[in-house]
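Structure first, then comments.
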Amino acid sequence: MAQTGMNTTVNLLYFARVAELVGKRTEAWPLAADTTGEHLLAALRARYPDLAQAGRLRLAINQEHAAPAALVRAGDEVAVFEPVTGG
């Protein structure tokens with residue numbers, strides 16, 4: 453049985469400098485099919501060229517740090533941020 457009204461987006465959360473570079477803190481990102489974090493980041497860099505200034509970006513999927521190869525599915529919450537260093 454087909455379900456209607458299924459979520460076909462991911463909820464992106466941008467933090468710190470990443471939010472400044474894309475000009476927003478959150479965004480609903482359309483997702484036609486499951487993808488990887490790496491492919492999602494490539495699509496973000498294509499849409500927001502200023503992200504090149506951020507260098508290396510990290511992801512957390514559903515509040516868990518994720519590797520670039522991690523699967524991103526419709527309905528997921530994906531945080532995008534730069535690595536943080538401290539001393």
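Just remember that this note's numbering sits 452 ahead of the position in the sequence shown, which is counted from 1.
For every residue, glycine included, the Cβ atom is placed at its ideal position computed from N, Cα and C.
I think residue i touches residue j, with their Cβ atoms under 8 angstroms apart; what is that distance to the nearest whole Å?
i: L509; j: E534; result: 6 angstroms
Judging by CA-CA distance, which residue of the options is the nearest neighbour of residue i?
i: W481; options: L496, A471, A468; result: L496
i: R525; options: L465, V470, Y466, L483; result: L483
i: A512; options: T461, K476, N459, L465; result: L465
i: L503; options: N463, V462, E472, T461; result: E472
i: T461; options: A518, V474, T487, R499; result: T487
i: K476; options: Y500, N459, H491; result: Y500
i: V542; options: V474, A506, E479; result: The first residue shown for the chain is 453 and the last is 539, placing residue 542 beyond what the model contains.
i: V532; options: A498, A521, L492; result: L492
Are there 16 or more other CB atoms within 10 angstroms of the CB of residue i, so buried, or fewer, so exposed?
i: M453; result: Confidence in M453 is poor, its pLDDT being 38 and thus under 50, which makes the residue's placement too unreliable to answer from.
i: G527; result: exposed
i: L523; result: exposed
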